[in-house]
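Residue numbers (this note's numbering): 18 to 514. C-beta atoms are modelled at their ideal positions from N, C-alpha and C, and glycine is treated no differently.
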């Protein structure tokens, strides 16, 4: 096989997580405008929440006019994306632009299966002016393979501002004050219906939607291997082994559960049902991405017109900010080295991820999909409002403005200032280690069992020490040793560039 053919074959392997049989259909693709005498490109678009059929057609027309490119866009739901990519790649159809995870970008770039974008970035007044940190999660062996598009908005703690105002509660600035506010939401009838039917907060039974609470005490959310990089000795560690801090966190959650502050049904909660308790007025706080507050606010206002929500500002624990995001703002869209039209593929990617392309995909085409009437957005096509993504505009790496201000979203953006940027050791290193990826599910399952039983009072807090002993028996130290060897090798390779 030729080197190029080998690269394609390896790309197919890297981009596919698991070859999963099953049925399903992607969103119906709209053919590119007038493919005759134009350069044909194919792009696999991950997620259907932003690009409506009408916006897709208009975008294709715009690209034809600007670059004489007929872009065929295939849209796949995020949860189905890799299954359909699997089928497509197995058929031998390699797209010109495709979304890949950071780990797969690393693997594909190592064998020359992706096109570096360094020349494009250097020549662009937009990209060349951005800090190198923006490209961190798509830079490997000194070369950049994707472009940034959005700042990673941290998960933040939304809360009922109208309840806090009624109870005359000041904005909490630490874990104790946060607990006090949530306790009062539980005990002092904040909704005024005369019933004891509210709780302070809830979370997913798998500990999802709780990261900012844990990080008031410990260095990492206790999921997967709970990995973090210790800046003191520059080594990868597991928060599972931070016994003292974990027990402090568990005591906080246990007290919340005992007093009804943490919803008694949390162990059974799925993410959707847990969020419903917030938007239906049953709980006073909920954790979600800072850029996603608008939809939750709208749902709450539809039920309670006088309701108001805001976000707890960044708080500081022993390991820094409780609001964290991964380093790098890569869009994760890359160009396989097999494309027949590298120049055009780069121009299209540059445009789509640039300020104009970002605004058109997140908002729409003014005068065609929407217009502004009396200071409000008027959607000109049925259903277009479902594809409006104001968070993508405000959290863009470009200085974009909303067509109509959304105070609650803009306030949320300001509230999370001071968040910490860190490398996600869980997602960066676990997939690369057979030992870590093989053992991570067992560690997470055991952690969830102990944590759940301690929070609900079935185990005493000090029982956590038995969990640490068990992780040692299961070989967590050997896993960490292997991951640190990989980390040191990566640093050595980066330094040699």
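Smallest Cα separation from residue i: which of the options?
i	options	result
residue 159	107, 277, 126	126
residue 267	340, 322, 491, 474	474
residue 144	257, 437, 164	164
residue 203	276, 191, 152, 210	276
residue 334	363, 274, 262, 278	262
residue 166	101, 172, 411	411
residue 153	270, 469, 440, 283	440
residue 330	274, 255, 435	435
residue 88	362, 346, 108	362
residue 95	56, 378, 289, 65	65
residue 336	246, 291, 169	246
residue 251	442, 492, 162	442
residue 210	180, 235, 192	180
residue 197	82, 217, 182, 212	217
residue 406	172, 308, 156	308
residue 116	101, 107, 213, 109	101
residue 283	298, 341, 222	222
residue 401	378, 421, 418, 415	378
residue 269	389, 380, 235	235
residue 184	224, 396, 208, 372	208
residue 306	417, 433, 419	433
residue 348	296, 413, 230	413
residue 273	420, 244, 193, 315	193
residue 466	130, 146, 131, 224	224
residue 189	215, 227, 327	327
If we ignore side chains and look at the alpha-carbon of each, how far apart do residue i and residue j end up?
i	j	result
residue 240	residue 195	23 Å
residue 496	residue 103	30 Å
residue 351	residue 368	13 Å
residue 79	residue 72	10 Å
residue 300	residue 136	51 Å
residue 311	residue 446	34 Å
residue 70	residue 257	46 Å
residue 279	residue 483	25 Å
residue 200	residue 386	46 Å
residue 518	residue 281	Lying outside 18 to 514, the shown extent of the chain, residue 518 is not represented and no answer is given.
residue 438	residue 345	8 Å
residue 162	residue 292	36 Å
residue 313	residue 319	10 Å
residue 67	residue 481	44 Å
residue 186	residue 431	20 Å
residue 84	residue 360	10 Å
residue 237	residue 342	12 Å
residue 156	residue 374	23 Å
residue 451	residue 220	31 Å
residue 298	residue 459	36 Å
residue 229	residue 294	19 Å
residue 502	residue 491	19 Å
Under the three-state reduction of DSSP, which class applies to residue i: helix, strand or coil?
i	result
residue 337	strand
residue 172	strand
residue 165	strand
residue 306	strand
residue 426	helix
residue 186	coil
residue 91	strand
residue 383	strand
residue 515	What is shown of the chain runs 18 to 514, which leaves residue 515 out entirely.
residue 126	helix
residue 267	helix
residue 250	coil
residue 472	helix
residue 155	helix
residue 228	helix
residue 355	coil
Buried or exposed for residue i, please, with buried defined as at least 16 other CB atoms from any protein chain shown within 10 angstroms of its CB.
i	result
residue 112	buried
residue 357	exposed
residue 142	exposed
residue 122	buried
residue 172	buried
residue 242	buried
residue 290	exposed
residue 264	buried
residue 191	exposed
residue 56	buried
Pull up the CB-CB distance for residue i and residue j, whole angstroms please, since I reckon it's below 8 Å.
i	j	result
residue 128	residue 271	Wrong, their Cβ atoms sit about 49 Å apart, outside the cutoff.
residue 526	residue 175	Past the boundaries of the shown model lies residue 526; the chain is included only from 18 to 514, so the question cannot be answered.
residue 58	residue 114	7 Å
residue 86	residue 365	6 Å
residue 91	residue 61	5 Å
residue 487	residue 463	6 Å
residue 178	residue 325	4 Å
residue 444	residue 120	7 Å
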